Amino acid sequence: MERSEKELFLRQLGEHISSTRKMRGVSSAELARKTYSDTSLISRIEKGRTNPTITTLKMICDALEISFEDLFHGFRYH
């Protein structure tokens, strides 16, 4: 995966996480608290500025009360 492809993927994944979080009625501060992280990490993930680990993605899913599969079910990478 080229750098520009990776950046696009991370940006789209972050946008999907953000929209899922908002749809579930969870603030970024609450998500940070539930994932034992800080709001700056959640912000970087949602803006596609960092590549979250699989563990972090699982913690986000748990905090949003969705399955890992559900997180990616609605995600489409273009």
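Residues in the sequence shown are numbered consecutively from 78, following our numbering. C-beta atoms are modelled at their ideal positions from N, C-alpha and C, and glycine is treated no differently. Fair warning: this is a prediction, and the values are worked out from it, not measured in the lab.
The segment 133-150 contacting the segment 101-109, beta-carbon criterion three pairs below 8 Å = Taking 8 Å as the limit for Cβ pairs, the verdict is that the segment 101-109 does touch the segment 133-150.
request  = Leaving aside the five residues before and after Leu148 along the sequence, list all residues of the same chain whose C-beta is less than 6 Å from its C-beta, in chain order.
outcome  = Numbered from its first residue, the sequence shown carries residue 148 at position 71. For Leu148, same chain residues with a beta-carbon under 6 Å away, outside a window of 5 residues either side, are Cys138 in chain order.
query = Can you tell which of Ile119, Glu107, Lys135 has the C-alpha that lies nearest to the C-alpha of Arg88?
reply = In the sequence shown, counting from the first residue as 1, residue 88 sits at position 11. Of Ile119, Glu107, Lys135, the residue nearest in Cα terms is Ile119.
query = Taking the alpha-carbon positions, what's the Leu85 to Gly125 distance?
reply = One-based indexing of the sequence shown puts residue 85 at position 8. One-based indexing of the sequence shown puts residue 125 at position 48. Their backbone Cα atoms lie some 8 Å apart in a straight line.
inquiry  = Less than 9 Å between the beta carbons of Met136 and Ser117, yes or no?
reply    = On the sequence shown, position 59 is the one that residue 136 refers to. On the sequence shown, position 40 is the one that residue 117 refers to. No, the Cβ-Cβ distance between Met136 and Ser117 is not below 9 Å.
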